[in-house]
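Q:
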Ligand SMILES: [Zn+2]
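Residue numbers (this note's numbering): 1175 to 1484.
#1: DSSP three-state call for residue 1348: helix, strand or coil?
#2: Select from 1333, 1296, 1228 the residue whose C-alpha is nearest the C-alpha of residue 1249.
#3: Taking 7 Å as the cut-off, is the C-beta of residue 1449 nearer than that to any heavy atom in ligand 1?
#4: Looking at the unbroken beta strand (DSSP E) that takes in residue 1460, where does it start and where does it end?
#5: Take the Cβ of residue 1468 as the centre, count every other Cβ of all protein chains shown within 10 Å, and call the residue buried at 16 or more, exposed below.
#6: Our contact map puts residue 1435 next to residue 1305 with C-beta atoms below 8 Å; I'd like the distance itself, whole angstroms only.
#7: Measuring from the CB of residue 1157, is there a heavy atom of ligand 1 at a distance below 7 Å?
#8: Just curious, the beta strand (DSSP E) that residue 1394 is in, first and last residue?
#9: Under the three-state reduction of DSSP, which class applies to residue 1260: helix, strand or coil?
#10: Return the chain-ordered list of same chain residues with a C-beta closer than 8 Å to the C-beta of residue 1386, the five sequence neighbours on each side being excluded.
#11: Taking Cβ positions, are residue 1471 and residue 1396 nearer each other than 8 Å?
#12: Rounded to whole angstroms, what's the CA-CA distance from residue 1309 to residue 1218? Just pull it up for me.
#13: Please look up how many angstroms separate the CB atoms of residue 1290 and residue 1224, rounded, as I've assumed it's under 8 Å.
#14: Going by DSSP, which residues form a beta bridge with residue 1329?
#15: Does the distance between the C-beta of residue 1266 and the nearest non-hydrogen atom of ligand 1 fall short of 7 Å?
#16: Within the same chain, show all residues whose beta-carbon is closer than 7 Å to that of residue 1188, passing over the 5 residues directly before and after it, in chain order.
#17: Assuming residue 1274 contacts residue 1345 (C-beta within less than 8 Å), just tell me the rounded distance between them.
#18: Is residue 1307 near ligand 1, with its Cβ less than 7 Å from a heavy atom?
#19: Give every residue of the same chain whose Cβ lies closer than 7 Å to the Cβ of residue 1320, excluding the five residues on either side of it in the sequence, and list them in chain order.
#20: Determine the contact status of residue 1271 and residue 1265, defining contact as a CB-CB distance below 8 Å.
#21: Look at the Cβ atom of residue 1195, then the Cβ atom of residue 1316, and state whether they are nearer than 8 Å.
#22: Could you pull out every unbroken beta strand (DSSP E) segment of at least 3 residues lying fully inside the region 1410-1446, listed in chain order?
#23: Determine the burial state of residue 1296: buried for a count of at least 16 other Cβ atoms within 10 Å of its Cβ, exposed for fewer.
#24: At the level of alpha carbons, what is the spacing between residue 1350 and residue 1294?
#25: Assuming contact is defined by CB atoms lying nearer than 8 Å, are residue 1382 and residue 1433 in contact in what I supplied?
#26: Would you report the Cα separation of residue 1475 and residue 1446, rounded to the nearest angstrom?
#27: Are the CB atoms of residue 1479 and residue 1388 within a distance shorter than 8 Å?
#28: If you count every other CB in all the chains shown that lies within 10 Å of the CB of residue 1229, and 16 or more means buried, which is it?
#29: In chain order, which alpha helix (DSSP H) runs of at least 4 residues are fully inside the region 1299-1323?
#30: Would you say the beta carbon of residue 1337 comes nearer than 7 Å to a heavy atom of ligand 1?
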């Protein structure tokens, strides 16, 4: 090919071609990094990521250093949204991709970082919480570091919540704070237990509150078959049981959780064996790359996500 023609072709494709393709995302979000991050977040030294035994704060330090290394900026001083839980000072970790502009539309990507600590009476006493919810956290970190390499027309908030296990305390605190600050929040994507493939197949998740918004439909337009309806989610009202819920309550916006825990694919929920060795890291990385694909597509195309009211 003529060199001028080649330059023209490259210029044309960079202006009009699809940004953030799956092959580009897959080349940047590496399974080895996913494995490394989740192994750190679920290691014994973090003692089940509870704030009483200080393991949570060690995990938080790791997340903050990760944010700094990946050019993610603090939304609040030191990345900390501080609050008290049973008289113990603790905090959510809140970062932002690029600059945070006050009047700009905002999306939030979140997962809870805390877990249930240790149980003194047993041989293996540490609740590592690899699936619950180091798997969701690694997803937020990987997606955030990918997005931080580009400029966007949205504010993108990355939140790792404290004290989910004690009743969504961290996410309630942040949702109320962001509401008071009049942040123009459009929608929230929360990740919860995505470390093991669903029984119906690989690279699939279900969405809590499936029929409440057009989110599942819009995701499946970008990643066909990725999001499924899961009847037990409705039966057990999982929509109200994770950190998406406070944002729905405060803002009345689409705020939903992606999960692959189908109650039968993993025996170690809130069990000391919830460890890295029992997870499917390839499938986890596929869920992360699929999620990065739909989120970057929504941002590039300014996709509207709306509640469906009957
Ligand atoms: Zn959880």
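The beta-carbon is built from N, C-alpha and C at its ideal position, and this holds for glycine as well.
A: The short version:
#1: It is helical.
#2: If we check each option's Cα against that of residue 1249, 1333 comes out closest.
#3: Checking the Cβ of residue 1449 against ligand 1 gives no.
#4: Where residue 1460 is concerned, there is no enclosing beta strand (DSSP E), although the alpha helix (DSSP H) it sits in stretches over 1455-1475.
#5: By the neighbour-count rule (16 or more Cβ atoms within 10 Å), residue 1468 is buried.
#6: Taking a contact as a CB-CB distance under 8 Å, the pair residue 1435 and residue 1305 counts as one, their CB atoms being some 7 Å apart.
#7: The first residue shown for the chain is 1175 and the last is 1484, placing residue 1157 beyond what the model contains.
#8: Here residue 1394 belongs to no beta strand (DSSP E); instead the alpha helix (DSSP H) covers 1389-1396.
#9: Looking at residue 1260 - three-state DSSP - the assignment turns out to be coil, as it is neither helix nor strand.
#10: Cβ within range, chain order: 1413, 1428, 1430, 1481, 1482.
#11: If you check the CB distance, residue 1471 and residue 1396 come in under 8 Å.
#12: Cα to Cα, the separation comes out at about 16 Å.
#13: With a contact defined as Cβ atoms closer than 8 Å, residue 1290 and residue 1224 qualify at about 6 Å.
#14: For residue 1329, DSSP records a beta bridge to 1280.
#15: No, the beta carbon of residue 1266 sits no closer than 7 Å to any heavy atom of ligand 1.
#16: With a pLDDT of 47 at residue 1188, under the threshold of 50, the modelled position of that residue is not reliable, and no figure is offered here.
#17: Separation of the CB atoms of residue 1274 and residue 1345 is rounded to 19 Å, and the pair is thereby denied contact status at 8 Å.
#18: Residue 1307 Cβ: within cutoff of ligand 1.
#19: Short of 7 Å from the beta carbon of residue 1320, and not among the five residues preceding or following it, lie these beta carbons of its own chain, in chain order: 1199, 1202, 1203, 1466.
#20: No, these two residues do not count as a Cβ contact at 8 Å.
#21: Between residue 1195 and residue 1316, the C-beta gap is not smaller than 8 Å, which leaves the two residues out of contact.
#22: The qualifying runs are 1429-1433.
#23: Counting every other CB atom within 10 Å of its CB across the protein chains shown gives residue 1296 a total below 16, marking it as exposed.
#24: About 35 Å.
#25: A contact, by the Cβ cut-off of 8 Å.
#26: For residue 1475 and residue 1446, the distance between alpha carbons rounds to 43 Å.
#27: Between residue 1388 and residue 1479, the C-beta spacing is below 8 Å.
#28: Result: buried.
#29: Runs of the alpha helix (DSSP H) inside the region 1299-1323: 1309-1321.
#30: Checking every heavy atom of ligand 1 against the Cβ of residue 1337, none is found closer than 7 Å.
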